[in-house]
Structure formats: structure tokens, C-alpha cells
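Participant:
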Amino acid sequence: MKKEVVSRYAPSPTGYMHIGNLRTCLYEYLTAKHAGGKFILRIEDTDRNRFVADSEQVIFDTLHACNIKYDEGPDIGGKNGPYRQSERLDIYKEYARKLIDNKSAYYCFCGEEEKTEVEGEFTVHHCDCAKLSKAEIEKKLTAKTPYVIRFNAPKDDKSTTYHDNVFGDITVSHKEMYDIVLLKSDGYPTYNFCHIVDDHLMGVTHVLRGNEYLMTTALYTLIYKAFGWTLPEYYHLPIIMTVDKETGKIVKFSKRHGSVAFRDFVEAGYLPEALINYIALLGWHLGNSDEEFFTMEELIKVFDPKDIRKSSSVFDYEKLKWMNAKYLTQMNLKDFYKVAKPFIEKVLNKTVNMDALLKLIQPRVQILSEIPEKIEFFEKLPDFDINLLANDKKKTTLEIAKNVLTKSLEVLGKVKDWNNDNLFEALNSLATEMGLKAMSVMWVIRLSVSGSLVTVGGATEIMEVLGKDESIARLKSTLARIK
RNA sequence: GGCUCCGUCGUCUAGUGGUUAGGACACUACCCUUUCACGGUAGUAAUGCGGGUUCGAAUCCCGCCGGAGUCACCA
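Numbering that gives the first Met the number 0 numbers the first residue of the first sequence as 0 and each following residue consecutively.
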């Protein structure tokens with residue numbers, strides 16, 4: 000019988016959810032769920048210096064918003080708890096001691112060292128603490144000398160090879176390895192150590208993580224070996240890149256290159272579903288299909304980690320916007336209103352025909368934050384140069400505009416059912432009657448009610464949104480300015 | 001700098017020895033049209049370079065070049 004697939008997402012509580020981490024999380028989730036397995040959330044809070052209050056909540060909220068459901072986690076519990084590493088300190092000490100007992104690790108009393116990197120020269124920790132006698136160690140321990148526990152990495156000329164399911168066999172020479180710290184002097188473990196202990200104890204079978212671990216994983220496999228544990232399946236993910244605006248170079252997607260936090264994207268008006276769909280495609284592709292749109296359910300069905308690509312990819316905001324627009328236009332009006340409401344209310348307080356307004360903006364925005372500037376004119380008629388009513392291309396003059404406005408007011412006053420079709424019909428016949436092109440009439444009316452050269456929707460659509468009273472009031476005020 | 005990985009249109013990608021090198025975003029043109037969008041049609045655009053292997057190479061091998069990652073008591 001095949002073992003159940005278990006994957007995990009193990010973020011550090013840094014206060015925000017990086018979009019790259021979100022992709023890692025997505026792939027981990029999909030890998031587990033595609034195989035009908037289990038997905039665990041574990042908080043890696045072993046660095047007290049970087050701890051940010053409330054970040055756990057950010058993680059919970061993000062996963063919830065993205066519809067990523069974990070089977071075990073700090074807030075919901077599970078049989079492999081606790082799920083915060085800060086609550087598992089005794090476990091790490093116990094396992095570190097096992098490694099000391101079988102000579103795979105040792106106490107190091109050297110104290111903190113400054114990292115030495117001068118002009119490309121790299122040096123690595125080296126000491127003789129491993130050779131200390133039992134008596135000497137006991138003496139230092141009873142004297143409460145601060146110590147760390149280091150892994151006893153091989154010192155020979157050989158190398159270690161492990162298999163990564165994305166990158167293939169990775170071989171690292173033992174000369175590249177050194178005695179990494181397992182347990183810090185403050186009693187907390189390092190990532191290098193605790194992720195191994197936890198993954199083993201929690202039964203994690205599939206490890207997906209950023210490609211920055213590709214090299215050190217060789218050393219990690221040696222720690223597994225020291226414990227006598229079996230290795231999980233490894234999948235190292237390609238890095239997400241971005242174009243540095245200053246240098247034009249392609250660099251790792253990070254904070255200093257703009258918005259990388261999930262929350263920033265939501266505030267800008269991206270839908271979590273669109274974001275998830277987009278990042279799923281950043282490094283993964285479904286066979287030789289051209290399909291680009293996937294719901295979470297579909298992703299679970301088709302996502303196979305063997306289709307993860309090796310080369311890094313550049314995050315393309317334009318394509319994300321396009322995809323977001325697709326999601327926006329496919330929503331029904333009610334759902335669209337739900338997500339658009341906060342952005343609409345930023346500038347619009349008066350009562351308008353909301354359904355008509357939503358229909359106008361839905362196909363015209365890519366991200367929701369574009370809404371306010373597009374609908375501002377509905378709130379209050381902006382000042383505009385009255386001479387714009389005269390336009391050669393539209394075949395209008397101020398005199399024509401005046402006549403159009405005067406006659407329109409008569410015609411429109413008689414419109415009973417104030418909707419786009421009726422308004423268009425009324426103005427279109429008026430144009431014929433006056434011997435004008437519809438284009439000319441529409442230009443005058445649209446400018447008069449919107450005060451804007453470019454608007455969402457045409458003259459009659461705008462009037463439908465504004466309602467009869469407001470539309471007529473605006474036409475009158477513009478007419479008054481001509482006189 | 002050592003080590004490791006990567007390299008198809010500007011970007012995301014399909015392609016696993018024989019394709020007119022396909023799709024998507026972006027861009028351009030045209031159509032639609034009450035401005036702007038949506039939508040529709042068409043177009044520009046890629047195998048980093050150099051050597052092999054082969055009848056034949058984006059695909060296999062070697063070298064170079066370019067890019068990235070890593071070298072912490074951070075994860």
C-alpha cells in the first residue's frame with residue numbers, strides 16, 4: 000500500500016505574506032490534495048529577532064482568502080502538534096542529544112563569531128570543540144559556558160548526492176559543507192535542524208521549497224542519515240524574478256521592487272482567485288495544453304509536481320492584470336458589486352442607478368483600484384472648458400451645442416422609462432430631426448453630463464446611471480454656461 | 001571568488017531528432033462603436049554564441065558567454 004502524501008507549508012511569522020511564499024504554499028497544497036493527501040501548516044518562529052506580532056493571523060487570513068485549507072495547524076490543532084516551533088523546544092533538545100550521543104554532533108563553546116566576508120573571500124567556522132573530552136565538556140557545561148550544538152559534517156574528499164524531483168541529481172562536495180549550528184545558544188533550533196525533526200515527526204513525505212535550499216539539502220540528507228531516517232521527496236522550486244526599475248536587470252522578486260505582499264495585491268484590487276491562478280502558472284504548466292484558466296478545484300485535479308519547471312520566471316504585472324480583468328468580467332453583478340463596493344464608495348456618495356453603473360465599469364477595469372478615478376464625475380459634474388463642445392471632428396459648434404441642449408431638454412423631459420434604450424432612441428431621433436449625425440448629439444450630451452473627454456460608457460449610459468433629475472440638472476447647467 | 005543550477009518571441013510558455021517553431025500577455029493595424037473599454041480579425045517578434053554527433057538538432061555531447069542561487073547562532 001502506498002503511503003499517504005503529506006506536505007506542509009512552514010512560513011516564518013514576518014508580518015506579511017510574500018507572493019513567492021504563497022506560490023510555494025499553493026504548490027505544496029496542490030501536491031498533497033492532488034494525491035488525496037494531507038496538508039499541514041507549521042509556524043517556523045525560531046528567530047526571536049525577526050518575530051512580528053500578529054503575523055500568524057496574516058498567514059491564517061491569507062490562506063483563508065485563497066481557499067487553501069490545511070488539515071492540521073496551530074489554530075485548528077491535529078495529532079502532530081504543537082505546530083509552533085517555539086512550543087517544541089524540548090523536542091529539538093532531545094533529538095540534538097541523540098546526535099551528540101552517536102557522535103554526529105558536538106557541543107561548541109567558541110562563542111559568537113563575526114561573519115567574515117572580505118572582497119569575495121569566504122571563511123567558514125572551524126574549531127576543535129569536537130575533540131573535547133567528556134570531562135572537559137562536563138566542566139564547561141556545569142560552569143554554564145554558553146554553547147551551540149553543531150553538526151559534525153564529513154571532512155573527507157567525497158561528495159553527497161541526493162535526488163531532487165525538479166532538478167534531478169544534485170551532487171555537493173563535502174568540501175562545500177561545514178559544521179552548521181543545530182541548536183543556538185539561546186536554546187532555539189536553527190531552520191537547518193528543526194525542519195528535519197518536524198518533517199520526520201509529522202510524517203511529511205513531500206518537501207517543496209524555494210531553490211535557495213538546493214545546495215544545503217545535500218547536507219540535510221546527511222542529518223537524516225545520522226538519524227537513520229528516510230528522506231522525503233524533494234521538489235525545489237524556481238525563483239520568481241522581477242525587473243529592477245533602476246538597473247533594468249532581472250533580479251529576485253523582493254520587497255524593494257514594489258508590492259510583493261499578498262495584502263498589497265488585494266488592496267490594489269486584485270482578486271485572490273486571479274492571483275492564485277496567475278502564480279500557479281509561474282513555474283508550472285499543464286502538459287501540452289493551452290489552458291490558462293484554472294479554479295482551485297481544477298488545479299487540484301490537474302496539478303502534478305512533476306510538471307514544475309526549472310528555470311526562474313519573471314513576474315508580469317500586465318498579464319496578472321489581464322487575468323484579473325477576466326475574472327472580474329466573468330463575475331455576476333451581485334458578486335462584482337461585493338468586491339467593487341469599497342472602491343466605489345471612496346468617491347461616490349450620492350444615489351445612482353447602481354446596476355447600470357456596475358455594468359459600465361465591470362468590463363472597463365482591470366484592477367478595482369482603477370474604479371474611483373473612472374467614476375468620480377458621477378458624484379459631481381467637473382468643471383470643463385465650455386469651448387470643448389465645439390469640436391471639428393464631431394462636427395459641432397457652440398451654436399449647434401446650444402440647440403442640441405435646448406431640444407434635448409424638451410425631448411428628454413418626456414422620457415418616462417429612464418433607461419439606456421429609451422434615451423438612445425430619443426436622442427437618435429432628435430439627431431435625425433435636426434439633420435445632425437448621432438455622433439454630434441452624443442458628443443454634446445456626453446460632455447455636458449460628464450464634463451469629461453473620456454468616460455466609462457456613452458452619453459445615454461451615463462444618463463441612465465445619473466437618473467433623470469440629475470441628468471437634466473446637468474444639461475441645464477451646461478446650457479446656462481453657453482448663454 | 002568557490003560551488004550549484006538555469007538559458008525558446010520584450011514577458012509567461014508548448015516543444016523530448018524531421019513542426020510553415022504553436023499558444024497567452026504586451027505592442028501595431030483593421031472591424032465593431034454614442035467617447036473609452038469589451039469583443040472580433042490580422043500582423044510584428046524567439047531557439048544566447050561556437051564547435052561536434054547525425055541524412056537531419058530548439059531537442060544529444062563539449063566549450064564559451066550570460067543570468068540566478070548559495071557560502072549565518074536568517075529562514
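From the three backbone atoms N, C-alpha and C, an ideal C-beta is built for every residue, glycine too.
Given THR204, which residues of its chain have a CB within under 8 Å of its CB, disregarding the five upstream and five downstream residues?
Facilitator: As a first step, residue 204 must be located in the first sequence, where it is residue number 205. Contacts found: LYS2, GLU3, VAL4, VAL5, SER6, GLY36, PRO231 and GLU232.
Participant: Measuring CA to CA, which of LEU140, ILE307 and LYS401 is closest to LYS482?
Facilitator: Counting from 1 along the first sequence, the entry for residue 482 is found at position 483. For LYS482, the nearest C-alpha among the options comes from LYS401.
Participant: Helix, strand or coil, according to DSSP, for GLY456 in the structure here?
Facilitator: Position 457 of the first sequence, counted from the first residue, corresponds to residue 456. Three-state result, GLY456: coil.
Participant: Which residue marks the beginning of the beta strand (DSSP E) containing PHE292, and which one marks its end?
Facilitator: For this step, residue 292 is matched to residue 293 along the first sequence. Taken as a continuous stretch (DSSP letters only), PHE292 belongs to no beta strand (DSSP E), as it is neither H nor E.
Participant: In this structure, what does DSSP give as the bridge partners for PHE342?
Facilitator: Taking the first sequence and counting its residues from 1, the one referred to as residue 342 is at position 343. For PHE342, which the question treats as bridged, DSSP gives no partner whatsoever.
Participant: Who are the near neighbours of GLN365 in its chain, counting only those whose CB is closer than 8 Å to its CB and skipping five residues on each side?
Facilitator: The residue you call residue 365 lines up with position 366 of the first sequence. So the list reads LYS320, TRP321, ASN323, ALA324 and LEU327, once near-sequence residues are dropped.
Participant: Could you tell me whether the Cβ atoms of LEU474 and SER439 are closer together than 9 Å?
Facilitator: For the purposes of this step, residue 474 is taken as the residue at position 475 of the first sequence. For the purposes of this step, residue 439 is taken as the residue at position 440 of the first sequence. Cβ atoms of LEU474 and SER439: not closer than 9 Å.
Participant: For the beta strand (DSSP E) that contains THR241, what are its first and last residues?
Facilitator: What you label residue 241 is simply residue 242 of the first sequence in a count that begins at 1. Note, THR241: beta strand (DSSP E), 239-242.
Participant: Taking only the alpha-carbon atoms, compute the straight-line gap between VAL346 and LYS248 and give it to the nearest angstrom.
Facilitator: Here the question's residue 346 lines up with position 347 in the first sequence. Here the question's residue 248 lines up with position 249 in the first sequence. Whole-angstrom Cα-Cα distance: 39 Å.
Participant: Does the Cβ-Cβ distance between ILE360 and LEU408 come in under 9 Å?
Facilitator: By 1-based counting over the first sequence, the position of residue 360 is 361. By 1-based counting over the first sequence, the position of residue 408 is 409. Result no, Cβ atoms of ILE360 and LEU408 do not sit closer than 9 Å.
Participant: What alpha helix (DSSP H) runs, 4 residues minimum, are completely inside the stretch 208-258?
Facilitator: 215-226
Participant: In the DSSP assignment, the beta strand (DSSP E) including THR160 goes from what residue to what residue?
Facilitator: Here residue 160 is taken as the residue at index 161 of the first sequence, counted from 1. First-last of the beta strand (DSSP E) with THR160: 158-163.
Participant: Whether or not the stretch 59-67 and the stretch 185-199 are in contact is what I'm after, with contact meaning three or more pairs of Cβ atoms, one per stretch, closer than 8 Å; do they touch?
Facilitator: no
Participant: When DSSP labels each residue in this structure, what does THR405 get in the three-state scheme?
Facilitator: Here residue 405 corresponds to residue number 406 of the first sequence, with the count starting at 1. DSSP places THR405 in helix when its eight states are reduced to three.
Participant: Can the beta-carbon of ALA225 be found less than 9 Å from the beta-carbon of LEU88?
Facilitator: Translated into the one-based positions of the first sequence, residue 225 becomes position 226. Translated into the one-based positions of the first sequence, residue 88 becomes position 89. Not closer than 9 Å, so no.
Participant: Am I right that GLY72 and ILE18 are in contact with their C-beta atoms under 8 Å? What's the rounded C-beta distance?
Facilitator: Within the first sequence, numbered from 1, the residue matching residue 72 stands at position 73. Within the first sequence, numbered from 1, the residue matching residue 18 stands at position 19. The Cβ separation is near 21 Å, so there is no contact.
Participant: Could you name the residues of the same chain whose beta carbon sits closer than 8 Å to that of LEU387, not counting the 5 residues immediately before and after it, in chain order?
Facilitator: Position 388 of the first sequence, counting from 1, holds the residue named residue 387. Around LEU387: LEU446 and LEU452.
Participant: Hey, LEU236 and THR23 are a contact pair by Cβ (cut 8 Å); roughly how many whole angstroms apart?
Facilitator: For the purposes of this step, residue 236 is identified with residue 237 of the first sequence, where counting begins at 1. For the purposes of this step, residue 23 is identified with residue 24 of the first sequence, where counting begins at 1. Between the beta-carbon of LEU236 and that of THR23 there is about 6 Å, and that keeps the pair under the 8 Å contact cut.
Participant: So, does the stretch 173-182 touch the stretch 137-156, judging by three or more C-beta pairs under 8 Å?
Facilitator: yes
Participant: Could you have a look at VAL440 and say whether DSSP puts it in helix, strand or coil?
Facilitator: Reading the first sequence from its first residue, position 441 is the one you call residue 440. Shown here, VAL440 sits in a helix according to DSSP, grouped into three states.
Participant: My output table needs one value for ASN483: the three-state DSSP class, helix, strand or coil.
Facilitator: Lying before the first or after the last residue shown, residue 483 is absent from the chain, which here runs from 0 to 482.
Participant: Using alpha carbons as the reference points, say which of MET330, SER312, GLY466 and VAL414 lies closest to LEU483.
Facilitator: Residue 483 is absent from the model: the chain starts at 0 and stops at 482.
Participant: Output the distance between the C-alpha atoms of PHE563 and GLY167, rounded to the nearest integer angstrom.
Facilitator: Here the chain has residues from 0 to 482 only, and residue 563 is not among them.
Participant: Is it the case that the Cβ atoms of LEU207 and GLU27 are separated by a distance below 9 Å?
Facilitator: The sequence position of residue 207 within the first sequence is 208, counting from 1. The sequence position of residue 27 within the first sequence is 28, counting from 1. Contact flag set, yes.
Participant: Can you pull the DSSP bridge partners for CYS193?
Facilitator: Mapped onto the first sequence, residue 193 falls at position 194. According to DSSP, residue pairing for CYS193 in a beta bridge does not occur.
Participant: Given 8 Å as the limit, is there contact between the stretch 299-307 and the stretch 239-256, that is, 3 or more CB pairs closer than that?
Facilitator: no
Participant: Among GLU55, LEU218 and PRO188, which residue has its Cα nearest to the Cα of ARG96?
Facilitator: Taking the first residue of the first sequence as 1, we reach residue 96 at position 97. Residue PRO188 is the option with its Cα nearest to ARG96.
Participant: With LEU367 and GLY456 assumed to form a contact (beta carbons below 8 Å), what rounded beta-carbon distance in angstroms separates them?
Facilitator: What you label residue 367 is simply residue 368 of the first sequence in a count that begins at 1. What you label residue 456 is simply residue 457 of the first sequence in a count that begins at 1. Not quite, the Cβ-Cβ distance comes to about 18 Å (not below 8 Å), so this is no contact.
Participant: Below 7 Å CB to CB, which residues in the same chain sit around LYS83 once its five sequence neighbours on both sides are set aside?
Facilitator: For the purposes of this step, residue 83 is taken as the residue at position 84 of the first sequence. The question names Lys, but residue 83 in the sequence shown is Arg. Excluding positions up to five away in sequence, the list reads ILE42, ASP44 and PRO73.
Participant: Assuming MET462 and LEU429 make a contact with CB atoms under 8 Å, what is their CB distance in whole Å?
Facilitator: For the purposes of this step, residue 462 is taken as the residue at position 463 of the first sequence. For the purposes of this step, residue 429 is taken as the residue at position 430 of the first sequence. The Cβ separation is near 13 Å, so there is no contact.
Participant: How many whole angstroms separate the CB atoms of THR144 and PHE108, which I take to be in contact at a CB cut-off of 8 Å?
Facilitator: Working through the first sequence from its first residue, we reach residue 144 at position 145. Working through the first sequence from its first residue, we reach residue 108 at position 109. Going by Cβ atoms, the distance from THR144 to PHE108 rounds to 5 Å, so yes, they are a contact pair.
Participant: Within the same chain, show all residues whose beta-carbon is closer than 8 Å to that of LEU397, passing over the 5 residues directly before and after it, in chain order.
Facilitator: Within the first sequence, residue 397 is the residue found at index 398, counting from 1. Cβ within range, chain order: ILE385, ASN386, LEU388, ALA389 and ILE481.
Participant: One question on the structure: do LEU274 and PHE261 come within less than 9 Å of each other, judged by their Cβ atoms?
Facilitator: In the first sequence, counting from the first residue as 1, residue 274 sits at position 275. In the first sequence, counting from the first residue as 1, residue 261 sits at position 262. Yes, they are a contact pair.
Participant: How would you label SER310, buried or exposed, when you count the other beta carbons within 10 angstroms and need 16 or more for buried?
Facilitator: What you label residue 310 is simply residue 311 of the first sequence in a count that begins at 1. Exposed, by the Cβ-count rule.
Participant: Going by C-alpha to C-alpha distance, which of ASP243, ASP468 and ILE370 sits closest to VAL414?
Facilitator: Mapped onto the first sequence, residue 414 falls at position 415. Measuring C-alpha to C-alpha distances from VAL414 to each of ASP243, ASP468 and ILE370 identifies ASP468 as the nearest.
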